[in-house]
Amino acid sequence: MENKSNKKNIPVLIVCVILFVVFFVLQRIITKNPQLTGFNGIIAQFHVMISVILVLTNRKTGFITGIVLNAINLVNGIMAVVMAGQKQALPSLAISVCTVIIMAIIYNYTSKNDKMHDELMEKYEQEIENKRILQEKDEVLSYLAYYDRLTQLPNRHLFMENLEENISQNKQCSVICINIDDFRRINDIYGITTGDELIKTYAERLEEIVIGNDFVARITGDEFAIILDSRESNQDIINFVGQVQKVFNIPVSVEGNIVGVSASIGVAIFPRDASGAEEMLRCSEKAMFMSKNNGKNKVCFYSPVV
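Taking the numbering used here, the leading residue of the sequence shown gets 10, the next gets one more, and so forth.
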């Protein structure tokens with residue numbers, strides 16, 4: 010933002026100084042010739058106009074320059090009256106003094122106006138910056154409301170919205186609940202950082218195998234869920250689940266440690282097993298717990314007797 014109080018227009022400054030000097034010389038010539046003294050008033054008006062232009066176009070620099078020029082004009086006028094007795098130069102002395110007063114008034118007014126303008130612009134830009142920061146915070150909060158910070162996968166909230174949309178359209182779909190076996194033990198042995206890296210790696214691998222309208226999310230710390238869109242048979246679902254198992258059966262290298270895990274998987278099918286989103290997720294989790302109870306690293310389909 011330009012600070013108007015420091016405004017400078019050097020070309021105009023130079024032209025004004027040259028014109029002032031030219032008229033100053035003409036005034037000195039006219040003062041010595043009584044027959045031309047009538048032009049003194051015209052030249053004085055030009056001096057006033059040039060001085061005002063200096064202040065308006067160059068603010069402080071113009072004000073100081075104008076004072077210097079008018080001071081020189083005033084000193085020369087005094088010398089003309091005192092030493093040469095040229096009383097016709099007296100009006101120009103008064104005009105020089107009045108010009109300085111006018112310049113001071115204009116400079117004071119423009120300085121206050123410029124300061125007010127600068128303060129308003131600063132406040133405006135600060136408001137714009139505050140608005141941008143708030144907008145960024147809103148975007149971050151909106152993102153965090155629907156996405157997991159660690160894996161960047163959709164979170165439970167977005168998963169449930171997607172599942173509810175599928176169910177509302179009466180689309181056949183399956184929910185696959187995946188829980189890493191003995192994940193707490195991995196954290197205890199290798200540390201939380203290693204555990205986080207494992208979660209991120211498996212999240213990336215799961216994203217690679219979901220296609221089309223399939224949807225993967227991180228539900229809790231070591232639990233993922235997938236909405237499997239329109240698979241016609243149990244065998245299609247089993248084939249996909251086989252890909253999921255491969256994701257977790259491949260060891261991961263983290264900070265020099267080769268970590269291998271397994272996962273327990275539960276499957277629920279809409280509309281066979283449940284009619285609502287929350288119920289569908291609960292059914293898939295019950296099937297997943299059945300897998301854990303049966304020795305882990307297994308796939309179980311939901312059954313009402315679970």
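Even for Gly, the Cβ is constructed at its ideal location relative to N, Cα and C.
task = Look at the Cβ atom of residue 293, then the Cβ atom of residue 212, and state whether they are nearer than 8 Å.
result = no
ask   = Where in the region 135-209 do unbroken runs of the alpha helix (DSSP H), each at least 4 residues long, occur, reported from the N-terminal end onward?
value = 165-177 and 192-199
ask   = Going by the beta-carbon positions, is the gap between residue 184 and residue 277 smaller than 8 Å?
value = yes
key: Where the alpha helix (DSSP H) containing residue 291 begins and where it ends   = 286-302
ask   = Candidates 102, 61 and 190: which alpha carbon is nearest residue 3's?
value = No answer is possible for residue 3: the residues shown for the chain start at 10 and end at 315.
key: Cβ neighbours of residue 158 in the same chain (closer than 8 Å, five flanking residues each side left out)   = none
Simplified DSSP state of residue 275, which is helix, strand or coil = strand
query = What are the boundary residues of the beta strand (DSSP E) that residue 266 is part of?
reply = 266-268
task = Return the residue from the list 22, 21, 307 and 25 that minimises the CA-CA distance to residue 186.
result = 307
Cβ-based burial, residue 182 [other Cβ within 10 Å; buried from 16] = buried
ask   = Quick one: what does DSSP say residue 315 is sitting in, helix, strand or coil?
value = Low per-residue confidence applies at residue 315: pLDDT is 45, beneath 50, and the placement is therefore not dependable enough to give any value.
message = Contact defined as beta carbons within less than 8 Å: I believe residue 246 pairs with residue 237. What is the distance between those atoms, to the nearest angstrom?
response = 6 Å
message = What does the Cβ neighbour count give for residue 52, buried or exposed, with the cut at 16 atoms within 10 Å?
response = buried
request  = Can you tell me which of the three DSSP states residue 236 falls into?
outcome  = strand
ask   = Are the beta-carbon atoms of residue 164 and residue 155 separated by less than 8 Å?
value = yes
key: Where residue 103 sits in the DSSP three-state scheme   = helix
Buried versus exposed, by CB contacts within 10 Å (16 or more), residue 284 = exposed
request  = Pick out whichever of 32, 123, 84 and 82 has its Cα sitting closest to the Cα of residue 64.
outcome  = 123
request  = Flag this pair as touching only if the region 132-152 and the region 184-203 have three or more C-beta atom pairs under 8 Å; answer yes or no.
outcome  = no
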